[in-house]
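Comments concern the structure below.
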Amino acid sequence: AYGASGSRYQEEKRVVLNKNIGPLISTDMTRCIQCTRCVRFLKEVGGMMELGLINRGEHAEITAYVDKSVDSELSGNIIDLCPVGALTNKPFRYSARSWELTRRPAIAAHDGLGSQIEVHVKDNRVMRVLPREKESINECWLSDRDRYSYEGLNSSERLTKPMIRRGKVYQEVDWQTALEFTVTKLQGILEKDPNQLGVLLKTNCTMEEGYLAKKLTKGLACGNIDHRLRRSDYRLDGRFHGSSWMGCNISDVDQMDRFLIVGSNLRNEHPLLAHRVRTAVKNGARMTLVNPMDDDQLIPAFHKVITSMDDMVFALAKILKAVSGLQRLSLCLPKSLNDLLTSIEVDAQSQEIAETLAGLGKDFDLVSPKSVVWLGNIAQHHQRYSELYSLCEAIASLCGATFGVLSEGANRVGLDLARVLPSRGALNAKTMFEQPRKAYLLMNVEPELDCANPALAQAALKQAEFVVALTPFKSEALAQADVLLPIAPFTETSGTFMSMEGRVQSFAACVRPLGETRPGWKVLRVLANMLGVNGFDYESSEQVKDEIFGGEKPSKVVWNRLNNNLTQLSEVTIANKIKKLQRLGEVPAFMVDNVVRRAVSLQKTKKAQQVFASMHPNLMKKLKLQAGDLALVSQGNQSAKLPVQPDNGLPENTVRVPAGRPETVMLGDMMGEIEVSKA
């Protein structure tokens, strides 16, 4: 044979076994050059050291802790950082070559940050998602939820043809038949009483979809429309000067000096915002948390107030009194609040928190600190949200701090600004279920998983004469729907999202709609025309957007409408100690909407594993329960059996039972009273 038959390479060849570090990241560690980028990212940006370099010299290798996986909510970024391909995207691996992919810009659709993403497409199918660099929003990072949720777009549950329920069986029909059936049923109910219609949307609907749904509802002489499905307290309706938002630019967060964050599991709700807060704290900022649980946010907290759901109001009232007592910050408060504060005694911790926010005290030298007060998702779902909001606004006002609300969903601020809210005197989402309507129109909603009280929602839909669901998916959660109309998810439609900082971001479709799926705004346009509602002669989503903003530049309209101030603060009461157990029912990070719920790899992660009823060890002892025991958790006439898990970070009267999970859909209010006994 021609040429040498043996290799001149005399050294021992280096081979490193691959590690299983979870369902999201694939390893090929023989390629690794020990640059330690992944180690440093997880420690310095992610906040938790989950990888490390062991051994020395030729035997050095990157590995996770023994029997541990990489569970950071930002873990996918180490794939982008790896210079040699030792870490790769496990769901995407071997599915396509990079040169076969078409790259299209889009906006992430699962939290209020508005991260800019690049969608990679092959054969009209989304193959993977990467971050686009945008320093003022997501920098060059992306949360795992936004990176891997695309798997849900290709789910086997995708609805590709309209369906009508005949008895207990759904039958596929053409669009004309489905629309005519829908219009006939709706007209029969609306002719008798237009107020018998209830329209519900999810916060990942585009502004165009929300605006047309509102316009259609109004054209049918009905005002019952809402997108705040997980809200329990609506007492602030009609009291806002404008639409609530986060109160500052995202790019300003890491320059803040003081944070007061109320009712938020920040890492799960807004992973990249948590990263910016972490950066600010590294630079010397002080963070105070007021929460019903003591989860590790991977951010050093200067103060923590861990208290029961109901006592959160009392904790904020003490902070407010302490702030109002600071001579430099004395300001007039409403009489109702002043009367309340006279009966409250300030403890040492509340006094320290007040001085921290104001930049006073012996340990601080800031004359006028940049402070921010935020309400998170847990606070927004709280049964006394209006009181929490009023107290936080008063605290921020006295301290000269920025006040804001961290939005749930990709487009909550946009739907607020488009007035996708009940008209004066009409019904909100909660009341639509408490006073059941004869007809419901659902858009991107899975009632069992998206509502504050799934048991109440299911009961209302079950008794309705007609339910039409505009949805990308067919599932058990929509079993009460009479008609299923397939609409496009965010990668298959054009539209506009508004982030929680008020940034308007429009996007085009990345792929063609699957099967006979249609963009939601087009379905609403056709429904309106068939129902005889005027003013729906749109040719594109851009025309709808222009109408929303009155033909003006969006940024000009937005800044005129965003305002967190109330015309009147809510009445605040300090209740007696509640003896009953309270449920903390936050929504898991990977169950927030219908697309994420179907992302197979995300559902294999540690965060999406078995559901527990978590409680303080002292409560477990009182109820004669041990770790791993099955507990019967009940709300009203509904109950579920869940394994018990101890959690020292919970108050003793709080039971943590997650909402938005199939295992708990039979229960009641996600933040209501709960009973627990041994199963």
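Residue numbers (the numbering used here): 1323 to 2001.
Cβ coordinates follow ideal geometry from the N, Cα and C atoms, glycine included.
As the structure is a prediction and not an experimental result, all values here were calculated from the model.
Tell me whether the segment 1525–1535 and the segment 1725–1741 touch, counting them as touching only if at least three CB pairs, one residue from each stretch, are closer than 8 Å.
Yes: at least three Cβ pairs fall under 8 Å.
Could you tell me the distance, in whole angstroms, from the CA atom of Lys1929 to the CA atom of Val1879?
Here residue 1929 corresponds to residue number 607 of the sequence shown, with the count starting at 1. Here residue 1879 corresponds to residue number 557 of the sequence shown, with the count starting at 1. Each residue's Cα considered, the two are about 40 Å apart.
Using 10 angstroms around the beta-carbon of Thr1986, count the other beta-carbons present and answer buried if the total reaches 16, otherwise exposed.
Start at 1 with the first residue of the sequence shown, and residue 1986 comes out as number 664. Counting Cβ neighbours within 10 Å, Thr1986 comes out buried, since at least 16 surround it.
I'd like the ranges of any beta strand (DSSP E) spanning at least 3 consecutive residues and lying wholly in the segment 1487–1543.
Fully enclosed beta strand (DSSP E) runs of 3 or longer: 1491–1494, 1519–1523.
In the DSSP assignment, find the unbroken alpha helix (DSSP H) run with Trp1843 in it and report its ends.
Taking the first residue of the sequence shown as 1, we reach residue 1843 at position 521. From DSSP, the alpha helix (DSSP H) with Trp1843 extends over 1842–1852.
For Met1765, write down the residues that DSSP places opposite it in a beta bridge.
Here residue 1765 refers to the residue found at position 443 of the sequence shown. DSSP output for Met1765 lists Leu1523, Leu1792 as bridge partner(s).
Could you pull the start and end residues of the alpha helix (DSSP H) that Gly1647 belongs to?
Counting from 1 along the sequence shown, the entry for residue 1647 is found at position 325. Taken as a continuous stretch (DSSP letters only), the alpha helix (DSSP H) holding Gly1647 covers 1633–1647.
According to DSSP, what are the bridge partners of Thr1815?
As a position in the sequence shown, residue 1815 is number 493, starting the count at 1. According to DSSP, Thr1815 bridges with nothing at all.
Just to confirm, are Leu1595 and Val1575 a CB contact at a threshold of 8 Å?
The count along the sequence shown starts at 1 and reaches residue 1595 at position 273. The count along the sequence shown starts at 1 and reaches residue 1575 at position 253. Yes, the Cβ-Cβ distance between Leu1595 and Val1575 is below 8 Å.
Check the DSSP bridge columns for Arg1608 and list the partner residues they point to.
On the sequence shown, position 286 is the one that residue 1608 refers to. Per DSSP, Arg1580.
Which of helix, strand or coil does DSSP assign to Ala1386?
Here residue 1386 refers to the residue found at position 64 of the sequence shown. Note: Ala1386 maps to strand in three-state DSSP.
Would Ile1376 be called buried (16 or more neighbouring beta carbons within 10 Å of its own) or exposed?
Sequence index remark: in the sequence shown, residue 1376 carries index 54 (1-based). Classification for Ile1376: exposed.
By DSSP's criteria, Val1451 is part of a beta bridge. Which residues make up the other side?
For this step, residue 1451 is matched to residue 129 along the sequence shown. Its beta-bridge partners are Val1441.
Taking contact to mean at least 3 C-beta pairs separated by less than 8 Å, is the segment 1939–1957 in contact with the segment 1481–1495?
With a cut-off of 8 Å, the segment 1481–1495 and the segment 1939–1957 do not count as touching, because too few Cβ pairs lie within range.
Under a Cβ-count criterion, where at least 16 other Cβ atoms within 10 Å of its own Cβ denotes burial, should Tyr1472 be classed as buried or exposed?
Looking up residue 1472 in the sequence shown gives position 150. That one is buried.
How many Å lie between Leu1264 and Ser1821 at the Cα?
Because the chain here runs from 1323 to 2001, residue 1264 falls outside it and cannot be looked at.
Of all the options Ile1700, Val1584, Ser1394, which has the alpha carbon lying nearest to the alpha carbon of Leu1364?
Translated into positions along the sequence shown, residue 1364 becomes position 42. The residue with the shortest Cα to Cα distance from Leu1364 is Ser1394.
For Val1789, count neighbouring C-beta atoms within 10 Å of its own C-beta (all shown protein chains included) and say buried if the count is 16 or more, exposed if not.
Along the sequence shown, read from residue 1 onward, the residue named residue 1789 stands at position 467. The residue is buried, with at least 16 neighbouring Cβ atoms inside 10 Å.
Please state whether DSSP places Ile1628 in a helix, a strand or coil.
Here the question's residue 1628 lines up with position 306 in the sequence shown. Looking at Ile1628 - three-state DSSP - the assignment turns out to be strand.
Ala1732 and Ser1991 - do their beta-carbons sit closer together than 8 Å?
Taking the sequence shown and counting its residues from 1, one reaches residue 1991 at position 669. Taking the sequence shown and counting its residues from 1, one reaches residue 1732 at position 410. The sequence given here has Asp at residue 1991, not Ser. No, they are not a contact pair.
Using only alpha-carbon positions, find the residue among Leu1373, Glu1770, Phe1795, Ala1774 that is nearest to Lys1784.
On the sequence shown, residue 1784 is found 462 positions in, with the first residue counted as 1. It is Glu1770 whose Cα lies nearest to the Cα of Lys1784.
I'd like to confirm the pairing. Which residues does DSSP put opposite Met1485 in its beta bridges?
Numbered from 1 along the sequence shown, position 163 holds the residue referred to as residue 1485. DSSP, once it has assigned bridges, lists Glu1494, Leu1806 as partnering Met1485.
Enumerate in chain order the residues of its own chain whose CB-to-CB distance from Asn1571 is below 8 Å, with the five nearest sequence positions on each side excluded.
Translated into positions along the sequence shown, residue 1571 becomes position 249. Cβ neighbours of Asn1571 beyond the five flanking positions: Ser1458, Glu1823.
May I have the straight-line CA-CA distance separating Arg1353 from Val1914, to the nearest angstrom?
Along the sequence shown, one-based indexing puts residue 1353 at 31. Along the sequence shown, one-based indexing puts residue 1914 at 592. Their Cα atoms are separated by approximately 36 Å.
Tell me the DSSP secondary structure of Lys1878 in three-state form.
On the sequence shown, position 556 is the one that residue 1878 refers to. Lys1878: helix per DSSP, three-state reduction.
Got a sec, what are the start and stop residues for the alpha helix (DSSP H) Val1922 sits in?
For the purposes of this step, residue 1922 is taken as residue 600 along the sequence shown, with counting starting at 1. Segment 1922–1925, the alpha helix (DSSP H) holding Val1922.
Measuring CB atoms only, is the segment 1423–1432 touching the segment 1545–1565, in the sense that at least three cross pairs come out at less than 8 Å?
Counting Cβ pairs under 8 Å, fewer than three are found: no touch.
Could you name each continuous beta strand (DSSP E) segment of 3 residues or more that falls completely within the segment 1349–1400, going from the start of the chain to the end?
You should have 1373–1376, 1383–1386.
What runs of the beta strand (DSSP E), each 3 residues or longer, lie entirely inside the segment 1914–1982?
Qualifying beta strand (DSSP E) stretches, in chain order: 1935–1937, 1952–1957, 1960–1968, 1976–1978.
Whose CA, out of Lys1640, Ser1956, Gly1842, Arg1734, lies closest to the CA of Asp1669?
Locating residue 1669 in the sequence shown gives position 347, where the first residue counts as 1. Residue Lys1640 is the option with its Cα nearest to Asp1669.
Taking C-beta to C-beta, are Leu1522 and Tyr1762 nearer than 8 Å?
Position 200 of the sequence shown, counted from the start, is the residue given in the question as residue 1522. Position 440 of the sequence shown, counted from the start, is the residue given in the question as residue 1762. Contact flag set, yes.
For Lys1514, collect the residues of the same chain with a Cβ closer than 6 Å to its Cβ; drop the 5 residues on either side in sequence, then sort them by chain order.
As a working note, residue 1514 is residue 192 in the sequence shown. Hits under 6 Å: none found.
What separation, rounded to the nearest whole angstrom, lies between the Cα atoms of Ser1391 and Gln1509?
Sequence index remark: in the sequence shown, residue 1391 carries index 69 (1-based). Sequence index remark: in the sequence shown, residue 1509 carries index 187 (1-based). Looking at the two C-alpha atoms, the distance is approximately 55 Å.
Under the rule that 16 or more other beta-carbon atoms within 10 Å means buried, what is Gly1857, buried or exposed?
In the sequence shown, residue 1857 corresponds to position 535, counting from 1. Per the 10 Å Cβ criterion, exposed.
Can you tell me whether Glu1874 is buried or exposed? The criterion is at least 16 other CB atoms within 10 Å of its CB, across all chains shown.
If you number the sequence shown from 1, residue 1874 lands on position 552. Answer is exposed; the Cβ neighbour count stays below 16.
Mapping DSSP to helix, strand and coil, what is Ala1786?
Against the sequence shown, residue 1786 aligns to sequence position 464. It is coil, neither helix nor strand.
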